[in-house]
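Participant: Protein chains in written order, with this note's numbering: chain A, 7 to 280; chain B, 7 to 280; chain C, 7 to 280; chain D, 7 to 280.
The beta-carbon is built from N, C-alpha and C at its ideal position, and this holds for glycine as well.
Protein chains: 4
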Amino acid sequence: MEARASTNAKSVLDAVVHHGEMIDLSHALDAGMPVYPQHAPYTLSLHRRHGDPHAKPRIADSSFANEIIVMSAHTSTHIDALGHFSRCGHVHGGEPASDIETAKGLARLDVTDIGPIWRPATLFDIAGWRGVDALRPGEEITAADFEGCAARNALDLRPGDIALVRTGWARHWRDSSLFNGSQGGLPGPGRDGAQWLIDRGVSMVGSDTPAFEVIPSVGDSVHAMLLVDKAIHIIENLNLESLAEREARRFLFVGLPLRMVGATGSPLRPIAVL
Amino acid sequence: MEARASTNAKSVLDAVVHHGEMIDLSHALDAGMPVYPQHAPYTLSLHRRHGDPHAKPRIADSSFANEIIVMSAHTSTHIDALGHFSRCGHVHGGEPASDIETAKGLARLDVTDIGPIWRPATLFDIAGWRGVDALRPGEEITAADFEGCAARNALDLRPGDIALVRTGWARHWRDSSLFNGSQGGLPGPGRDGAQWLIDRGVSMVGSDTPAFEVIPSVGDSVHAMLLVDKAIHIIENLNLESLAEREARRFLFVGLPLRMVGATGSPLRPIAVL
Amino acid sequence: MEARASTNAKSVLDAVVHHGEMIDLSHALDAGMPVYPQHAPYTLSLHRRHGDPHAKPRIADSSFANEIIVMSAHTSTHIDALGHFSRCGHVHGGEPASDIETAKGLARLDVTDIGPIWRPATLFDIAGWRGVDALRPGEEITAADFEGCAARNALDLRPGDIALVRTGWARHWRDSSLFNGSQGGLPGPGRDGAQWLIDRGVSMVGSDTPAFEVIPSVGDSVHAMLLVDKAIHIIENLNLESLAEREARRFLFVGLPLRMVGATGSPLRPIAVL
Amino acid sequence: MEARASTNAKSVLDAVVHHGEMIDLSHALDAGMPVYPQHAPYTLSLHRRHGDPHAKPRIADSSFANEIIVMSAHTSTHIDALGHFSRCGHVHGGEPASDIETAKGLARLDVTDIGPIWRPATLFDIAGWRGVDALRPGEEITAADFEGCAARNALDLRPGDIALVRTGWARHWRDSSLFNGSQGGLPGPGRDGAQWLIDRGVSMVGSDTPAFEVIPSVGDSVHAMLLVDKAIHIIENLNLESLAEREARRFLFVGLPLRMVGATGSPLRPIAVL
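#1: Assuming residue 79/A contacts residue 273/A (C-beta within less than 8 Å), just tell me the rounded distance between them.
#2: Please tell me whether residue 34/C and residue 267/D are closer than 8 Å, where the distance is taken between their beta carbons.
#3: For residue 53/B, which option in 238/A, 242/A and 110/A has the closest C-alpha, if you only look at C-alpha atoms?
#4: If we define contact as Cβ-Cβ less than 8 Å, is residue 74/B a contact residue for chain C?
#5: For residue 270/A, which of helix, strand or coil comes out of DSSP?
#6: Compute the Euclidean distance between the alpha carbons of residue 186/A and residue 60/B, then round it to the nearest angstrom.
#7: Tell me whether residue 139/A sits in a helix, a strand or coil according to DSSP, three-state version.
#8: Provide the residue span of the alpha helix (DSSP H) that contains residue 103/C, from first to last.
#9: Step through the CB atoms of chain D and report whether any lies within less than 8 Å of the CB of residue 46/B.
#10: With a threshold of 8 Å between beta carbons, is residue 57/B in contact with chain D?
#11: Can you list, in chain order, the residues of its chain whose CB lies under 6 Å from that of residue 144/A, leaving out five sequence neighbours each side?
#12: Pairs of beta-carbons, one from the region 62 to 71 of chain D and one from the region 220 to 227 of chain C, closer than 8 Å: are there three or more?
#13: Would you verify that the beta carbon of residue 90/A is, or is not, closer than 8 Å to some beta carbon of chain B?
#14: Tell me whether residue 7/C sits in a helix, a strand or coil according to DSSP, three-state version.
#15: Counting Cβ pairs, one atom from each stretch, are 3 or more of them under 8 Å apart for the region 24 to 33 of chain D and the region 237 to 255 of chain D?
#16: Mind the definition here: the region 69 to 83 of chain C touches the region 138 to 158 of chain D only if three or more C-beta pairs lie below 8 Å; say whether that holds.
#17: Is the beta carbon of residue 98/D closer than 8 Å to that of residue 217/D?
#18: Can you tell me whether DSSP reads residue 179/B as helix, strand or coil?
#19: Nearest CA to the CA of residue 232/B: which residue from 150/B, 199/B, 255/B and 159/B?
#20: CB-CB under 7 Å to residue 13/A, same chain, minus the five flanking residues each way: which ones, in chain order?
#21: Going by the beta-carbon positions, is the gap between residue 117/A and residue 270/A smaller than 8 Å?
#22: Would the beta-carbon of residue 171/D fall within 8 Å of that of residue 195/D?
#23: Starting from residue 49/B, find everything on chain C with Cβ-Cβ shorter than 7 Å and list it in chain order.
#24: Quick check: is any heavy atom of the ligand SAH less than 7 Å from the C-beta of residue 79/A?
#25: Show which residues of chain A have a CB atom less than 8 Å away from the CB atom of residue 54/C.
#26: Per DSSP, what kind of secondary structure is residue 264/C in: helix, strand or coil?
#27: According to DSSP, what are the bridge partners of residue 131/A?
#28: Could you give the first and the last residue of the continuous beta strand (DSSP E) run that contains residue 30/A?
#29: Could you tell me the alpha carbon to alpha carbon distance between residue 50/A and residue 49/B, rounded to whole angstroms?
#30: Does DSSP classify residue 49/C as helix, strand or coil?
#31: Counting only Cβ-Cβ distances shorter than 9 Å, please list the residues of the region 243 to 272 of chain A near chain B, keeping chain order.
#32: Judging by CA-CA distance, which residue of 184/B, 127/B and 139/B is the nearest neighbour of residue 163/B?
#33: From residue 45/A to residue 73/B, what distance separates their C-alpha atoms?
#34: When you compare the CB of residue 213/C with every CB in chain D, is at least one pair closer than 8 Å?
#35: Under a three-way DSSP split, which group does residue 218/B fall into?
#36: Which residue marks the beginning of the alpha helix (DSSP H) containing residue 158/D, and which one marks its end?
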């Protein structure tokens, strides 16, 4: 599923990076962020504090603090592993989903399949193209939208690239109800738009919503089309506002998913290098 | 504390990368890995499985799985935030440690201070230089060791660089007791070796042990010297074996810490680009 | 603080129990229950399921399932330990609160101080006395209310007894916002009512709200009056509806707090024996 | 499965209680206790401490502390729900185990089926009968042992009673490896001994080991015989030392499992009333 050995980081960078500016594409993780109700709630709590007694005296009267974190892998900006999704009870490759589920997480198709991500990416700023701050809840992005946006901006999406789709949704990050789609759904591609991306040979996709696809779904489950049918990973809850302000088009995308054995995804702090 | 705005990713890469090979410097996270007893134990458990009933019918008979993860930020390969450590009750900058501790984690000096890491790094393969698979528990790395290793390998460590120190400890990853130092301590720099690194102006340091410094400590708390006195971040539990096999010397180090508000550190999946 | 060694379970029961009916005074714990925003959210997730592979073959082709639970001690029906509360930075007995806080929880005044609870209790059905289903948010229960309710129902509250106060709030259990006091506060005693209970020598108090006291507080912190000043434990989120329907007045109260070392309280499933 | 509505607490107590002494049958919960490796590790950490900033000023300069707890239901002294166990993939009643497993825990046969426990119990002090401090790892308790112990002590076990079996294992509580059976197994009944208890019509059983049954199992899975075949609940990790010192034979057993919806068991703090 991966051909990382052949990735040459320098030539990829040279091919798409112009001046070398780094843009952070992540949201922070905190107690007030929107978490999908089906995922475990996020908690971070200090476990040991500096003043806590130590078992024995410490050199230089030093101390340390640490924390306990409870979370789902699908927290804040994150990537979906292939085994996160199934269609008709089967995961990518055709295996019954229940066959890969264990007390230690997914036995296969977990997030450790995803190597370091270092690829060219193209930004489809659909909100910008439509001249709005953000798409509306439930607003579909069609193949025609992708075509139109690509033509207007002379976008150059090549096989193996990552396609990032901006709906403007990052502006709603502090409004959990709206961000999570509880006020009429989420904007994003339906079957038609997703097929357009698949036909261009993208290796991964990402957007600034928690679902990537339009909710309610249109025509098919886009998650199933991508993860199950085509092994195309999905990155969600990206913050694409700075990229759009800079009118970025094609650039280097770098993301380093945690290698959590058995996990159905990983929080991610991706960057773009322009 | 950071001057990331001025980092030019392309010029940094051009300065140190030769052929462009990417090397993963992380260990995976799983239930069997060594976790320091003072940190919260790590658990990953599937929360929703594919066959679980959904609240309403789903398009394409699709389903998703997710997990609940419990962990400390200091799990597997990770980076320490400045507020992780104190000397005589004070954190970097002189504030009492208790002043920054809250029910939401650290109010300041947390891991969100650390931007994307994209810097030249130099490998001090101390184990290789000594001709051993791994240093012994409690074995100190002195300034003379750093000098000798640098001279032998013609190492070029410049101000602002990251210094990575290989002890060979990654070979003990599957032996928690030994790895955690319960069998006589850990190898690493004492005050003398740490001062040598500080004098060279390193911006960050890292090693393949869970403490970076020699345990039992020698001369001073190296954590306090680095984090508290000098605001130099520490990366621990690196896997430096592949780097050493390739005889890597100076290269690009890329790490993207999660922006967990209040956290005293973050798990990290760093890469080297050679 | 405790003198339970002298409690004779049989004579206590004989003194207050008439026919022997047991009434459950607890709410269940589930994902939809109201949890105070300052407490950690509650999550229960199956960890191992029956079909998960076992490390080795098992006799009789048997299997087991278990779960991972994340919670605060102050979840659903629960009891507060003395160290849960402080006044002006000091806990019961005068010690600075920070002196008993450690990485393992409270070093003293934790919930393990509370032995098995087996005591006479008296129900003050304030809602019934006022002829309402439930008191209003922020409605104070005064000494005069306790006097009036006691007189009307010929209540017999003796030193060492537990006083249970019914506001009717258990009816709001499925409305988290209202139950937690986000719609104008909570009904309960202010300083005046609390002092009346203290003057009668109660050993513990309980009510059907998450705070026992009126919120916003009136006159003083009733928690501080009880836990800090007088070492009187507080039981919260009781379900007193069945007791009220039976017009119970004095009865045996049995509660068995978990002996969680360091905890500031414990979930509780108390019963009344009539 | 439940017929507790008809339980008359007073008459049950009157039938078996002599002087009224209460004995605590639980172990405490702390970070050092033995936890079976297949269960989630236990962590308790203070979440909010007294000195932490509050969102707004508080009356009487008061403050509270709370904690975050991570655990399995099968922690320290606890009771198993029926759905905890399966035989050949089926739970009690014949349903496939997978049919009751959901993202919210067990849909049926969870711990909320267990009402307040208030029943006569009989202590089989097998260690005392054999004249040893504790049975050996893997030592089986047979029907003949139960017969012999009952005869010697004139035990009066009646249908509906709880049978408690003392192996002396509570003395190993601070030796996790031995306590968990990692040094040759655990003492307890095999098929033969379990059948003897079943034939006497016990409603529940309990012992001072983490498995109740002999490990390695002998003849059949005793858990399956009890939980799956007969709906007899199992209480584990009891501390029966004080009971044995008092030579208690028949007494009142009171246990109040938490009503955690979906849980496969509950921690328990049971008492005996003599």
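Facilitator: So, to answer that:
#1: 7 Å
#2: yes
#3: 110/A
#4: yes
#5: coil
#6: 17 Å
#7: coil
#8: Careful: residue 103/C lies outside any alpha helix (DSSP H) and carries neither H nor E.
#9: yes
#10: yes
#11: 190 and 191
#12: yes
#13: yes
#14: The pLDDT assigned to residue 7/C is 36, lower than 50, so where the model puts this residue is not dependable, and the model offers no usable value.
#15: yes
#16: no
#17: no
#18: coil
#19: 199/B
#20: 124
#21: yes
#22: yes
#23: 74
#24: With respect to the ligand SAH, the structure shown offers nothing to examine, as it has no ligands at all.
#25: 109
#26: coil
#27: 172/A
#28: 28 to 30
#29: 15 Å
#30: strand
#31: 258, 260, 261, 262, 263, 264, 265, 266, 267, 268, 269, 270, 271 and 272
#32: 127/B
#33: 8 Å
#34: no
#35: coil
#36: 149 to 159
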